[in-house]
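**Q**
Number of protein chains: 4
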Amino acid sequence: MRAERDTSLLLVIDIQSRLAPHVAGHRQLIHRADALLAAADLLRIPKLLTEHCPAQIGPVIEPMRSRFAGGEIFEKTSFGAADHPEFVDRIRRTGRTNIVVAGMEAHVCVMQTVLGLRGHGFEVVVVADAVGSREARQLDRELALRRMEAGGCALAGTETVLFEWTGSGADPHFRAILSIVKAL
Amino acid sequence: MRAERDTSLLLVIDIQSRLAPHVAGHRQLIHRADALLAAADLLRIPKLLTEHCPAQIGPVIEPMRSRFAGGEIFEKTSFGAADHPEFVDRIRRTGRTNIVVAGMEAHVCVMQTVLGLRGHGFEVVVVADAVGSREARQLDRELALRRMEAGGCALAGTETVLFEWTGSGADPHFRAILSIVKAL
Amino acid sequence: MRAERDTSLLLVIDIQSRLAPHVAGHRQLIHRADALLAAADLLRIPKLLTEHCPAQIGPVIEPMRSRFAGGEIFEKTSFGAADHPEFVDRIRRTGRTNIVVAGMEAHVCVMQTVLGLRGHGFEVVVVADAVGSREARQLDRELALRRMEAGGCALAGTETVLFEWTGSGADPHFRAILSIVKAL
Amino acid sequence: MRAERDTSLLLVIDIQSRLAPHVAGHRQLIHRADALLAAADLLRIPKLLTEHCPAQIGPVIEPMRSRFAGGEIFEKTSFGAADHPEFVDRIRRTGRTNIVVAGMEAHVCVMQTVLGLRGHGFEVVVVADAVGSREARQLDRELALRRMEAGGCALAGTETVLFEWTGSGADPHFRAILSIVKAL
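Residue numbers (the working numbering), protein chains in the order written: chain A, -17 to 166; chain B, -17 to 166; chain C, -17 to 166; chain D, -17 to 166.
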């Protein structure tokens, strides 16, 4: 299974103001999520953002949140976004079948969302260097990655996904993607 | 496959007085098993405890043993509890299909029990940071984890399981689970 | 899949005089193979030994070779013993379906034999701490283990297998196996 | 699945003059690819070479490129060679079904080509110590290896493949292969 431009949707999970600072490597994680967002916009890949109980853990960080239109932001209470039927409906309406996932925490909301999406029949690519957990939960994170992999998800690095979306050195967007890659 | 509150049963294997002190990281392992037990009680998830040849390796440690009612304690002689038909019957009578496992030793009684449960058709989540082996057998432990994973079990950290059981930030038990998590 | 006493056959591959000294950790590997042999004899598990081109790399080391009867020693020229039809016949005649494998080199004769056995429909348990490769080929060894695992083999430590074969703390051989385990 | 002499084709991907020097361990990688090429020629295993946008990243390095006849060199613009139907046709015409892959970058052109080949039904052996990525992308490389493995490819070391192709200590080419192995 490959992350293809015409079938992918980029899903960014819960990068929120009171959670993000506690996640190991959060600066790089956010930088990579931003790179994926820039590429998605360039290549016209649809995107969604989840926001978990913002009254408790704050809104999605800026300027990331402002990159999304209102209809692209999904507020949730379940850790697994796909446990909300409206969320699954919203993905279904895009017609996209391959969900590329970044965000936090890898072993809680990311994993529960991803396993839920698999249960609904979606292909999932977990961008492993763009999903994070708190420093004390790195074993939980590593096990969650293995578990998502065992559940049929692909694990990939950010650059790997960017080149999958691009597909060809002859693509008109190749130069622009290359400059995103070089800034990783 | 996810550890869900309504389908899970918590199984704690052989944390006994003459074995536990020899297991690497046994204090943390016991602390995590206790956290799982507290959450199971809170969320009304049924639980079982196995005790292997207590005349030889001592009873299950206290106060853990006292948390279980008589009918929740299963004394066994086979390393694999599921090799005793009465044990499988006892699980079957709960109606639970997803067995969440903690205890010791990971590569002996835990692994043999887990592979036996898989053979009987149960789903199994192995709580990887709450199953241990003696210091000299850490390779056996790691291989047993891989083997249980290859056999279709999920591997997960304790916190990961607690948040799967909780499911939602809006759950009435969320605050209580959060304080268990914070004490991990 | 479990290594059971009634279905297992112990297969020891190519522990030969001019090869063994070059294999990383060969002393421990030989000690573990000897422990498996002692347990197999105790539990009446049949065993086979392969010897690869002994004119070139010497006979199987002593006293290991003398533990085997003439009909239990198979001389081969193919790296994969199961590429010799007579070898497969010899296993078939034992009625055993679960082949427990130790020996060397992990990434050459062990792997080719094991993949061949899988192709003939046998279950295989690779005793990971009792198969070795030359020091410079530890990556080849690790990849061969992963590949055998991906091919449906179980990987297990020596102690893990000994307790699988024993099955129960009430087994009449339990004490004898325990003293083999303690000497590992 | 095994790399057999009669079904294998050796595919070398994009070892080009402006890319190779940036790849971690490129000297050893090239040395191993050369060893595979020498063995392929000796054992009459067909081979193919890809060259990605040579105007941009330079031709395949010499003397490697000169080992290939014109019809064995495939110039491509897609990262995944198998996204070019003529490339798949060219492999199909050889009648070979097991593609043994070396080259660079592991997480871009190698991975996209390999996943494409899998999609077309070929068996693939990825020579893990003969595929590389840039130093800063070692996590992408490791994840790409796992992903190809999860996609049904075998991962193997160079020496492992050489002994699979050879098959037997009695093969007339055994001595010649052994000297290639000794120079690894």
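C-beta: ideal position from N, C-alpha, C; glycine also.
#1: For the stretch 35 to 96 of chain A, which segments carrying the beta strand (DSSP E) assignment without a break, of at least 3 residues, lie completely within its bounds, in sequence order?
#2: Of all Cβ atoms in chain D, is any one closer than 8 Å to the Cβ of S60(C)?
#3: Looking at the secondary structure, which residues open and close the alpha helix (DSSP H) in which L121(B) lies?
#4: Is D111(A) close to chain D? Criterion is C-beta to C-beta, closer than 8 Å.
#5: Beta carbon of R47(A), beta carbon of H89(A): below 8 Å?
#6: Mind pulling the chain A residues with CB within less than 7 Å of F50(B)?
#7: What is the rounded straight-line gap between the Cα of R72(C) and the Cα of H102(C)?
#8: Give a yes or no on whether the minimum CB-CB distance between T76(B) and chain A is below 8 Å.
#9: Count the other CB atoms within 10 Å of the CB of R0(D); is the residue buried (16 or more) or exposed (fewer)?
#10: So the candidates are E87(D), G98(D), V143(D) and L137(D); which of them puts its Cα closest to the Cα of I(-3)(D)?
#11: Would you mind giving the Cβ-Cβ distance between R116(D) and A6(D), rounded to the nearest angstrom? I have them listed as a contact below 8 Å.
#12: For A32(D), which of L166(D), R100(D), V(-6)(D) and G114(D) has the nearest alpha-carbon?
#13: Helix, strand or coil for R116(C) per DSSP?
#14: Below 8 Å on C-beta distance, what does M86(B) contact in chain C?
#15: Cα separation between A126(D) and L121(B)?
#16: Rounded to whole angstroms, what's the CA-CA distance from D23(D) to G40(D)? Just pull it up for me.
#17: Give me the Cα-Cα distance between L30(C) and W147(D), rounded to the nearest whole angstrom.
#18: Is DSSP giving I(-5)(B) helix, strand or coil here?
#19: When Cβ atoms are compared, which residues of the stretch 3 to 36 of chain A fall closer than 9 Å to chain B?
#20: Whose C-beta lies closer than 6 Å to the C-beta of A15(D) among residues of the same chain, with five residues either side of it excluded?
#21: For L166(A), name the three-state secondary structure that DSSP assigns.
#22: Within the continuous alpha helix (DSSP H) that includes A20(C), where are the two ends?
#23: CB G139(D) to CB R100(C), shorter than 8 Å?
#24: Using a beta-carbon distance below 8 Å, is S150(A) in contact with chain D?
#25: Are the Cβ atoms of F104(D) and T79(D) separated by less than 8 Å?
#26: Rank K164(C), L166(C) and A152(C) by C-alpha distance to the C-alpha of D65(B) and give the top, closest one.
#27: Quick check on the DSSP output: the beta strand (DSSP E) that includes L137(D) runs from which residue to which?
#28: In whole angstroms, give me the CA-to-CA distance for G136(D) and L97(D).
#29: Would you say H89(B) reaches chain C, if we count a Cβ-Cβ gap shorter than 8 Å as a contact?
#30: With a CB to CB cut of under 7 Å and the five nearest residues on each side skipped, what residues in its chain are close to T(-11)(A)?
#31: Under the DSSP definition of a beta bridge, which residues are partnered with V108(C)?
#32: Could you check if T95(B) is buried or exposed, using at least 16 other CB atoms within 10 Å of its CB as the buried criterion?
#33: Taking all protein chains shown into account, decide if S150(D) is buried (16 or more other Cβ within 10 angstroms of its Cβ) or exposed.
#34: Please decide whether L(-9)(B) counts as near chain A, where near means a Cβ-Cβ distance under 8 Å.
#35: Using a Cβ cut-off of 7 Å, which residues of the stretch 130 to 145 of chain D contact any Cβ in chain G, in chain order?
**A** Here's the rundown:
#1: 55 to 58 and 80 to 86
#2: yes
#3: Q120 to A132
#4: yes
#5: For the pair R47(A) and H89(A), the CB atoms are not nearer than the 8 Å cut-off.
#6: Result: empty, since nearest Cβ-Cβ is about 27 Å, beyond 7 Å.
#7: R72(C) and H102(C): Cα-Cα distance of roughly 13 Å.
#8: no
#9: exposed
#10: E87(D)
#11: Rounded, the Cβ-Cβ distance is 7 Å, consistent with contact.
#12: At residue 32(D) the sequence reads Thr, which differs from the Ala that was named. Nearest C-alpha to T32(D): V(-6)(D).
#13: strand
#14: What M86(B) touches in chain C: nothing, since even the nearest Cβ is about 13 Å away.
#15: C-alpha of A126(D) to C-alpha of L121(B): approximately 26 Å in a straight line.
#16: 25 Å
#17: 26 Å
#18: strand
#19: Flagged, chain order: H34 and C35.
#20: V(-6), A84 and A112
#21: coil
#22: H8 to L25
#23: no
#24: yes
#25: yes
#26: A152(C)
#27: For L137(D), the enclosing beta strand (DSSP E) stretches over residues A136 to A138.
#28: Contrary to the premise, residue 136(D) reads as Ala rather than Gly in this sequence. So the two alpha carbons sit approximately 12 Å from each other.
#29: yes
#30: R78, T79 and N80
#31: Per DSSP, V83(C) and L137(C).
#32: buried
#33: Under this definition S150(D) is a buried residue.
#34: no
#35: You won't find chain G in this structure, because its protein chains are A, B, C and D.
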